[in-house]
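Colleague: The numbering used here applies: residue 131 is where the first sequence begins, and numbers increase by one.
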Amino acid sequence: MGMFQRDRQVFADAEPLDDSYEPEDIRERDEELEKYQRALQPIIDNRPTSNIFLYGKTGTGKTVATKFMLSHLENDATEYDDVDLSTVWVSCENLSSSYQVAVALVNELRESQDKDRISTTGYSQQRVFDILYEEIDALGGTVVIVLDEIDNIGHSDDILYGLPRARSNGYVDDVRPVIVGISNDFQFRDNLSPKVKDTLAEKEILFPPYDANQLRSILNPRAEKAFHDDVLDDDVVPLCAAFAAQDTGSARQAIRLLREAGELAQAADSDTVTEEHVRDAQDELEKNQLYEGMQELTTQGHAVLCALAYHQALDDVPVRSRDLYERYVKICDRLDADSVSERRVRDHLSDMNMLGLISVYERNEGLSAGRYHEYELDVPLKAVLEVLLSTTRFEELANIIESTADDNNLLQSDISDY
DNA sequence: CTTCCACTGGAAGATCTGGCCT
DNA sequence: AGGCCAGATCTTCCAGTGGAAG
131 MGMFQRDRQV
141 FADAEPLDDS
151 YEPEDIRERD
161 EELEKYQRAL
171 QPIIDNRPTS
181 NIFLYGKTGT
191 GKTVATKFML
201 SHLENDATEY
211 DDVDLSTVWV
221 SCENLSSSYQ
231 VAVALVNELR
241 ESQDKDRIST
251 TGYSQQRVFD
261 ILYEEIDALG
271 GTVVIVLDEI
281 DNIGHSDDIL
291 YGLPRARSNG
301 YVDDVRPVIV
311 GISNDFQFRD
321 NLSPKVKDTL
331 AEKEILFPPY
341 DANQLRSILN
351 PRAEKAFHDD
361 VLDDDVVPLC
371 AAFAAQDTGS
381 ARQAIRLLRE
391 AGELAQAADS
401 DTVTEEHVRD
411 AQDELEKNQL
421 YEGMQELTTQ
431 GHAVLCALAY
441 HQALDDVPVR
451 SRDLYERYVK
461 ICDRLDADSV
471 SERRVRDHLS
481 DMNMLGLISV
491 YERNEGLSAG
501 RYHEYELDVP
511 LKAVLEVLLS
521 TTRFEELANI
531 IESTADDNNL
541 LQSDISDY
């Protein structure tokens, strides 16, 4: 028997379960699409067009709906000689300011023309805006600018002020910019500065989370294409839908669950995908998210995490911040690394709390002992150690903590059971 | 009802990195 | 080379907090 054999295949074609897959019809969003179409119609009619903002949590179909509408729009615009339409798409996922968004837009616009990209730092903000207006001006006609996940820019919203007014301010001549903003945050609009609020978001479309029924309806056609016949147990799709509906109402989450369940079934060389695979997939995805969160911490973040892991290994949790800070300083000394202020460590702890890595308990013992926080790990110690072991800097220390924990019998729990 | 502990967390600004400009 | 720019990380300062003790 050879070392490699073809696995039994549960997947017929995994593409419909890919994040980038664009279905030919969009389900359960009829009302939203209709609104969307009405909002874009003026472009075809050569009338002034309002900016459009889409609000809804991740995985509620905003991006897919936009891709769908724009491809139709682009297609239909070619039917009319007097409609000159261009579109630019920028995902603001890793962009935290208007400045960076402007740079990304310039680079996106230049990409299509083989011009040089510009650097993400070094220019003044106005300089980048000027370059951006130049590029937009060169396009002419109606320019639809899609800013995906625009809420990442937070309060730095200058670009939302500048772009819609580019024409009235004389920065561009023969161009009609239309901004399509996509936000995961319902409150994004409320947090905009007043001057931006007035100009923007004349048309708003809300994308509510999907319920379990809707998720089933989204999953079913994809599941049919992605898997061979009779591979999926009857309760697999409903369970994926139920898990995702309960958690976030995100189609993306539901689809990922389904794919992961399929992959687990395939890896186990199983004929069918079962409810059990879905449950395992759910655990697996949660675990991955936490691992990623831990890996992406800075060195200082790792040091703080390391200090907390040490306390956990000594079975000395929850720890109050004072004691944790002492431990942290000792760890830094030992590693010959700089330590940061107590205040800063509190910030790191609160970040880790946001990521779901640790738990915080508020204590208040009044006049005798005052008010303070206590912390403990919210993920298995073993998982933390695994991450620390993979960094050169903390490797040695992680080994020490591991043996300490071993002495205290705190590692029995397998990583897979959380 | 007041006191008061031991922090917490907001604000402002310093320092450092990487990169552009002339 | 020297000045300038934006962002990330960090420091310093300190008003504010809330429940047990008095």
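We treat Cβ as the ideally placed atom computed from N, Cα and C, and that holds for glycine.
1. Can the beta-carbon of ILE266 be found closer than 8 Å to that of VAL231?
2. Tell me whether HIS285 is buried or exposed, calling it buried when 16 or more other Cβ atoms sit within 10 Å of its Cβ.
3. Given LEU507, which residues of its chain have a CB within under 8 Å of its CB, disregarding the five upstream and five downstream residues?
4. DSSP state of TYR505, grouped into three classes?
5. In three-state terms, what does DSSP make of LEU330?
6. Determine the DSSP secondary structure at ARG452, reduced to helix, strand or coil.
7. Comparing alpha-carbon positions, which option in SER227, PHE337, ARG346 lies nearest ASP288?
8. Please report how far the alpha carbon of LEU290 lies from the alpha carbon of CYS462, in whole angstroms.
9. Just to confirm, is the Cβ distance from LEU479 to TYR502 under 8 Å?
10. How would you label TYR210, buried or exposed, when you count the other beta carbons within 10 angstroms and need 16 or more for buried?
11. In the DSSP output, what is TYR229 paired with across the bridge?
12. Hey, would you say VAL366 sits closer than 8 Å to LEU277, going by beta carbons?
13. Would you mind sorting HIS432 into buried or exposed? The rule is 16 or more other CB atoms within 10 Å of its CB.
14. Would you kindly report the start and end of the unbroken beta strand (DSSP E) that includes ASN494?
15. Could you check whether the stretch 331-349 touches the stretch 179-187, counting it as contact only if at least three pairs of C-beta atoms, one from each stretch, sit closer than 8 Å?
16. Enumerated in chain order, which unbroken segments of the alpha helix (DSSP H) with a length of 4 residues or greater are wholly contained in the stretch 230-303?
17. Going by other Cβ atoms of all chains shown within 10 Å of its Cβ, with 16 needed for buried, is LYS460 buried or exposed?
18. Alpha carbon to alpha carbon, how far is ASP364 from GLU279?
19. Expressed to the nearest angstrom, what Euclidean distance is found between the alpha-carbon atoms of ASP481 and LYS325?
20. Taking the Cβ atom as the reference point for each residue, do ARG382 and GLY189 lie within a distance shorter than 8 Å?
21. What did DSSP end up calling SER221 once you bin it into helix, strand or coil?
22. From THR272 to SER471, what does the alpha carbon distance come to, in whole angstroms?
23. Use the C-beta contact count for SER313: other C-beta atoms within 10 angstroms, 16 or more gives buried, fewer gives exposed.
24. Got a sec? Which residues, its chain only, sit under 8 Å from ASP341 by beta carbon, not counting five neighbours each side?
25. Are the beta-carbon atoms of SER216 and LEU269 separated by less than 8 Å?
26. Are at least three pairs of beta-carbons, each pair with one atom in the stretch 345-353 and one in the stretch 138-155, less than 8 Å apart?
27. Quick one: what's got a C-beta closer than 6 Å to ALA391's C-beta in the same chain, skipping five residues either side?
28. List the endpoints of the continuous beta strand (DSSP E) containing SER480.
29. Would a C-beta distance cut-off of 8 Å place GLY496 and PHE337 closer than the cut-off?
30. For my contact list, ARG476 and SER451 are in at a C-beta cut-off of 8 Å; report their separation, rounded to the angstrom.
31. Measuring straight from C-alpha to C-alpha, what distance separates GLU158 and PHE198?
32. Does the beta-carbon distance from ALA397 to PHE141 come in below 8 Å?
33. Residue range of the beta strand (DSSP E) that LEU184 falls in?
34. Please state whether DSSP places SER520 in a helix, a strand or coil.
35. Is the beta carbon of VAL194 less than 8 Å from the beta carbon of TYR229?
36. Just how far apart, CA to CA, sit LEU415 and GLU405?
Modeller: Taking the geometry as given:
1. The residue you call residue 266 lines up with position 136 of the first sequence. The residue you call residue 231 lines up with position 101 of the first sequence. For ILE266 and VAL231, no; Cβs fall outside 8 Å.
2. Along the first sequence, one-based indexing puts residue 285 at 155. By the neighbour-count rule (16 or more Cβ atoms within 10 Å), HIS285 is not buried but exposed.
3. What you label residue 507 is simply residue 377 of the first sequence in a count that begins at 1. Hits under 8 Å: LEU438, ALA439, GLN442, VAL447, LEU487, ILE488, SER489, VAL514.
4. On the first sequence, residue 505 is found 375 positions in, with the first residue counted as 1. Three-state DSSP puts TYR505 in a strand.
5. Numbered from its first residue, the first sequence carries residue 330 at position 200. In the structure shown, LEU330 sits in coil (DSSP, three-state: anything other than H, G, I, E or B).
6. Stepping through the first sequence from its first residue, residue 452 is reached at position 322. In this structure, ARG452 counts as helix in the three-state DSSP scheme.
7. As a working note, residue 288 is residue 158 in the first sequence. Answer by Cα proximity: SER227.
8. For the purposes of this step, residue 290 is taken as residue 160 along the first sequence, with counting starting at 1. For the purposes of this step, residue 462 is taken as residue 332 along the first sequence, with counting starting at 1. One C-alpha to the other measures close to 43 Å.
9. The residue given as residue 479 occupies position 349 in the first sequence. The residue given as residue 502 occupies position 372 in the first sequence. No.
10. Here residue 210 corresponds to residue number 80 of the first sequence, with the count starting at 1. With fewer than 16 other Cβ atoms within 10 Å, it is exposed.
11. Your numbering for residue 229 matches position 99 in the first sequence. Paired residues: none, contrary to the question.
12. In the first sequence, the residue the question calls residue 366 occupies position 236. In the first sequence, the residue the question calls residue 277 occupies position 147. One thing to note: VAL366 has its Cβ no nearer than 8 Å to the Cβ of LEU277.
13. If you number the first sequence from 1, residue 432 lands on position 302. So HIS432 ends up on the buried side.
14. As a first step, residue 494 is located in the first sequence; it is residue number 364 there, counting from the start. Per DSSP, ASN494 belongs to the beta strand (DSSP E) from 488-494.
15. yes
16. 255-269, 288-292
17. On the first sequence, position 330 is the one that residue 460 refers to. Answer is exposed; the Cβ neighbour count stays below 16.
18. In the first sequence, residue 364 corresponds to position 234, counting from 1. In the first sequence, residue 279 corresponds to position 149, counting from 1. Rounded to the nearest angstrom, the gap between the Cα atoms of ASP364 and GLU279 is 35 Å.
19. Residue 481 sits at position 351 when you count from the first residue of the first sequence. Residue 325 sits at position 195 when you count from the first residue of the first sequence. Roughly 31 Å between the two C-alpha positions.
20. In the first sequence, residue 382 corresponds to position 252, counting from 1. In the first sequence, residue 189 corresponds to position 59, counting from 1. In contact: ARG382 and GLY189 (Cβ atoms closer than 8 Å).
21. Counted from its first residue, the first sequence places residue 221 at position 91. SER221: strand per DSSP, three-state reduction.
22. Within the first sequence, numbered from 1, the residue matching residue 272 stands at position 142. Within the first sequence, numbered from 1, the residue matching residue 471 stands at position 341. Approximately 52 Å between the Cα atoms of the pair.
23. Locating residue 313 in the first sequence gives position 183, counting from the first residue. Answer is buried; the Cβ neighbour count reaches 16.
24. The residue you call residue 341 lines up with position 211 of the first sequence. Here ASP341 has ALA375, GLY379 as same chain residues with Cβ atoms under 8 Å from its own Cβ, once five neighbours each way along the sequence are excluded.
25. For the purposes of this step, residue 216 is taken as residue 86 along the first sequence, with counting starting at 1. For the purposes of this step, residue 269 is taken as residue 139 along the first sequence, with counting starting at 1. Yes, they are a contact pair.
26. yes
27. The sequence position of residue 391 within the first sequence is 261, counting from 1. The answer, listed in chain order, is VAL403, HIS407, VAL408, ALA411.
28. Numbered from its first residue, the first sequence carries residue 480 at position 350. Boundaries around SER480 are those of the alpha helix (DSSP H), 472-484, since no beta strand (DSSP E) includes it.
29. The residue you call residue 496 lines up with position 366 of the first sequence. The residue you call residue 337 lines up with position 207 of the first sequence. For GLY496 and PHE337, no; Cβs fall outside 8 Å.
30. Start at 1 with the first residue of the first sequence, and residue 476 comes out as number 346. Start at 1 with the first residue of the first sequence, and residue 451 comes out as number 321. Indeed, because the Cβ distance is near 7 Å, the residues count as touching under 8 Å.
31. Position 28 of the first sequence, counted from the start, is the residue given in the question as residue 158. Position 68 of the first sequence, counted from the start, is the residue given in the question as residue 198. If I take the Cα positions, the gap works out to 14 Å.
32. Here residue 397 refers to the residue found at position 267 of the first sequence. Here residue 141 refers to the residue found at position 11 of the first sequence. Not a contact, by the Cβ cut-off of 8 Å.
33. The count along the first sequence starts at 1 and reaches residue 184 at position 54. LEU184 -> beta strand (DSSP E) spans 182-185.
34. Indexing the first sequence from 1 puts residue 520 at position 390. Residue state, collapsed to three classes: coil.
35. Along the first sequence, read from residue 1 onward, the residue named residue 194 stands at position 64. Along the first sequence, read from residue 1 onward, the residue named residue 229 stands at position 99. Their beta carbons are not under 8 Å apart, which means VAL194 does not touch TYR229 by this criterion.
36. The residue you call residue 415 lines up with position 285 of the first sequence. The residue you call residue 405 lines up with position 275 of the first sequence. Each residue's Cα considered, the two are about 15 Å apart.
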